[in-house]
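Asks: The structure that follows is given in the form of structure tokens.
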Amino acid sequence: MLRGILPPLVTPFHPDGALDLASFEANLESYAAEDLAGYVVLGSNGEAASLEEDEKLALLRAARRRCGSRLVIAGTGLESTRSTIAFTARAADTGADAALVLTPSCFKSQMTVEALRRHYDAVAEASSIPVLLYSFPAVTGLPFPLPLAAAVAGHPRIVGMKESSGDVGLFGRIVASVPASFAVACGSAPAFYPSLCIGAAAGILAVANCAPRPAAALYRAFAASDHTRARRIQEALTPLAVAVTATHGVAGLKAAVDLSGRRGGSVRSPLLPLPPAIRDELRRLLDAAESAAKN
278 MLRGILPPLV TPFHPDGALD LASFEANLES YAAEDLAGYV VLGSNGEAAS
328 LEEDEKLALL RAARRRCGSR LVIAGTGLES TRSTIAFTAR AADTGADAAL
378 VLTPSCFKSQ MTVEALRRHY DAVAEASSIP VLLYSFPAVT GLPFPLPLAA
428 AVAGHPRIVG MKESSGDVGL FGRIVASVPA SFAVACGSAP AFYPSLCIGA
478 AAGILAVANC APRPAAALYR AFAASDHTRA RRIQEALTPL AVAVTATHGV
528 AGLKAAVDLS GRRGGSVRSP LLPLPPAIRD ELRRLLDAAE SAAKN
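Heads up: the sequence shown begins at 278 in this note's numbering, then just goes up one per residue.
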């Protein structure tokens, strides 16, 4: 189910903070020509934490309408099991193919392996669609507990996870702890090539919003055992990925989407817009990544 490149889609907003659904749909039309396996809607870089539920459902409906047979994965993780179950059901009713469930983290000191196992088992048991775990310690402050993947991998509706720490050693240990049928996707573009080398099934990469072609070219090169080309693309993609995530955050990612000819739009407050001077740096990094994918 989980293979290839899937961008966790940005959510464009108007300058006043209102949802810009037309730009979201225009981006999907642009991505139709790219070699993408599907999309994640309502991910961390989609500013899901800043969206109202009616906005989330509107985005899911638009994605389902525009995506044809491509996979639509909905970010449905909330802080309680009850609310996650309820929203996962709404996402399924809206046409999502699978649910990506971020680890709850408000009470992080109480999020033991057993608490998380029960949470994910309950969500999967109630869900009509497959469930993917989602670990993003930079957002949650909760390191992924290694035994959790193996503890939930036996559930028939828990089919994989997105691991976004960028810790390649941890990624490898997770892959080694689960059956081959449990797909582990890399969520950190700087770690993508080494993660593929140790068993990553897919890349759910923020940088694929602005550089879908280089991300897909890297994946294809690895699949064809052209490791020289894959490493070359990785070397060019990494500085761009760092700039639009760790360094400049969502505002940087959206600016890079604009520079790629798509519609990143504004960020929603309290996030601040990107200073205009930084766009020149992003343009240079974007051009370098595109050039590496062509050569």
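By construction, the Cβ of each residue, glycine as well, lies at the ideal position given by its N, Cα and C atoms. Quantities reported herein were computed from a predicted structural model and do not represent experimental measurements.
What's the gap between the Cα of Asp374 and the Cα of Tyr308?
Replies: Using only the alpha carbons, I get a separation of about 18 Å.
Asks: Alpha carbon to alpha carbon, how far is Pro433 from Ala520? Give it in angstroms, no decimals.
Replies: Cα to Cα, the separation comes out at about 38 Å.
Asks: For Arg539, count neighbouring C-beta atoms within 10 Å of its own C-beta (all shown protein chains included) and say buried if the count is 16 or more, exposed if not.
Replies: By the 10 Å Cβ count, Arg539 comes out buried.
Asks: Quick check on Glu332: does DSSP put it in helix, strand or coil?
Replies: Here Glu332 sits in helix by DSSP.
Asks: With a threshold of 7 Å on Cβ separation, who are the neighbours of Gln511 within its own chain once the five nearest residues in sequence on each side are excluded?
Replies: The answer, listed in chain order, is Phe469, Tyr470, Leu495.
Asks: Since Gly526 and Ile555 are thought to touch, with beta carbons under 8 Å apart, how far apart are those beta carbons, to the nearest angstrom?
Replies: Not a contact, Cβ separation roughly 11 Å.
Asks: Hey, Ala231 and Pro491: beta-carbon distance below 8 Å or not?
Replies: In the structure displayed, the chain extends from 278 to 572; residue 231 sits before or after that span and is not available.
Asks: Taking 8 Å as the cut-off, does the region 292–300 touch the region 312–319 (at least 3 CB pairs, one atom from each stretch)?
Replies: Too few Cβ pairs lie closer than 8 Å, so no.
Asks: Could you tell me how far apart the beta carbons of Ala483 and Asn322 are, in whole angstroms, since I believe they sit closer than 8 Å?
Replies: Right, their Cβ atoms sit about 5 Å apart.
Asks: What does Ala351 pair with, by DSSP beta-bridge criteria?
Replies: According to DSSP, Ala351 bridges with Val318, Ala376.
Asks: Taking only beta-carbon positions, decide if Gly529 is within less than 8 Å of chain D.
Replies: The question asks about chain D, but that chain is absent: this structure has only one protein chain.
Asks: Taking the alpha carbon of Leu514 as the reference point, which residue from Ala485, Asp535, Ala532, Phe499 has its own alpha carbon closest?
Replies: Among Ala485, Asp535, Ala532, Phe499, the Cα nearest to that of Leu514 is on Ala485.
Asks: According to DSSP, what are the bridge partners of Lys531?
Replies: Bridge partners of Lys531: none, in fact.
Asks: Under 8 Å by Cβ, that's how I've got Val452 and Ile435 pegged, so tell me the actual separation to the nearest angstrom.
Replies: That pair is no contact at about 15 Å.
Asks: If I follow the unbroken beta strand (DSSP E) through Lys439, where does it start and stop?
Replies: Its beta strand (DSSP E) spans residues 435–440.
Asks: Quick check on Ser543: does DSSP put it in helix, strand or coil?
Replies: In the structure shown, Ser543 sits in a strand (DSSP, three-state: E or B).
Asks: Distance check for Asn572 and Ala363, CA to CA, integer angstroms please.
Replies: Approximately 47 Å, taken between the alpha carbons.
Asks: Using only alpha-carbon positions, find the residue among Ser472, Pro456, Ala532, Asp503 that is nearest to Ala488.
Replies: Cα-wise, what sits closest to Ala488 is Ala532.
Asks: Which runs of the beta strand (DSSP E) at least 3 residues long sit entirely within the region 444–518? Give them in chain order.
Replies: The qualifying runs are 460–463, 479–481.
Asks: Smallest Cα separation from Glu356: which of Thr380, Ala335, Gly345, Pro407?
Replies: For Glu356, the nearest C-alpha among the options comes from Thr380.
Asks: Starting from Ser412, trace the beta strand (DSSP E) in both directions and tell me its first and last residue.
Replies: Residues 408–412.
Asks: Taking the alpha-carbon positions, what's the Leu337 to Gly541 distance?
Replies: About 17 Å.
Asks: What is the DSSP secondary structure of Pro292, counted as helix, strand or coil?
Replies: Note: Pro292 maps to coil in three-state DSSP.
Asks: State the Cα-Cα distance for the pair Ala427 and Ala403, rounded to the nearest angstrom.
Replies: Cα-Cα distance, rounded: 20 Å.
Asks: For Leu283, name the three-state secondary structure that DSSP assigns.
Replies: Leu283 falls in the strand class under three-state DSSP.
Asks: If you run the structure through DSSP and keep just helix, strand and coil, what is Asp297?
Replies: Asp297: coil per DSSP, three-state reduction.
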